[in-house]
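Using this note's numbering, the letters of the sequence shown correspond one by one to residues 96 to 190. Backbone N, C-alpha and C fix where the C-beta goes; we use that ideal spot for every residue, glycine too. Everything on this sheet refers to the single structure shown next.
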Amino acid sequence: MDGNTKKKKVLNAINRVSQDVLPTQIDYTPEMKDKINKLLNIKDNEVDERLDNHIKYLPLSDIVKIDKEDDIKYDVWGIGWDHILTEGFHIRHHP
């Protein structure tokens with residue numbers, strides 16, 4: 096399925112147009128992406144295609160501080176992301 100078809104399916108879903116496939120999105124942390132790469136034996140840039148994701152994200156290197164004692168990574172906005180329990184997916188600190 097090419098990018099234009101995926102884009103059209105997402106727009107159709109937003110506009111409530113009936114279609115044969117519901118667009119899906121599987122989100123993951125950078126740590127989980129590494130595990131998926133190894134598990135499926137694929138390259139980093141192939142993960143979204145292999146999972147049939149319909150939304151593209153821009154990768155950011157926005158970690159500015161790591162609290163090793165509590166295993167929290169802080170981004171440029173001051174949000175602290177859990178690193179152990181959820182591999183960086185859930186917020187543990189709000190600024």
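*Return the bridge partner residues of Thr124 from the DSSP annotation.*
Counted from its first residue, the sequence shown places residue 124 at position 29. DSSP, once it has assigned bridges, lists no residue as partnering Thr124.
_What does the alpha-carbon distance come out to for the pair Arg111 and Gln120?_
Counting from one through the sequence shown, the residue named residue 111 turns up at place 16. Counting from one through the sequence shown, the residue named residue 120 turns up at place 25. The straight-line gap from Cα to Cα measures roughly 17 Å.
*Find out if the Cβ-Cβ distance for the pair His188, Gly175 is shorter than 8 Å.*
Indexing the sequence shown from 1 puts residue 188 at position 93. Indexing the sequence shown from 1 puts residue 175 at position 80. In this structure, Gly175 lies closer than 8 Å to His188 by Cβ.
*Report all residues from its chain with a CB closer than 7 Å to the CB of Asp147; omit the five preceding and five following residues, and keep chain order.*
As a working note, residue 147 is residue 52 in the sequence shown. Thr119.
_Continuous beta strand (DSSP E) stretch holding Val159: start and end_ = Counting from one through the sequence shown, the residue named residue 159 turns up at place 64. 158-162 is the span of the beta strand (DSSP E), which, as asked, contains Val159.
_To the nearest angstrom, how far is the alpha carbon of Glu144 from that of Lys102?_
In the sequence shown, the residue the question calls residue 144 occupies position 49. In the sequence shown, the residue the question calls residue 102 occupies position 7. The straight-line gap from Cα to Cα measures roughly 13 Å.
*Which whole-angstrom value is the C-beta distance of Lys128 and Val142, which I expect to be below 8 Å?*
For this step, residue 128 is matched to residue 33 along the sequence shown. For this step, residue 142 is matched to residue 47 along the sequence shown. That pair is a contact at about 6 Å.
*asked:* Cutting at 6 Å between CB atoms, please list the residues of its own chain near Ile150, excluding the five before and the five after it.
replied: Translated into the one-based positions of the sequence shown, residue 150 becomes position 55. If we look at Ile150 and ignore the five residues flanking it on each side, its Cβ neighbours are Gln120.
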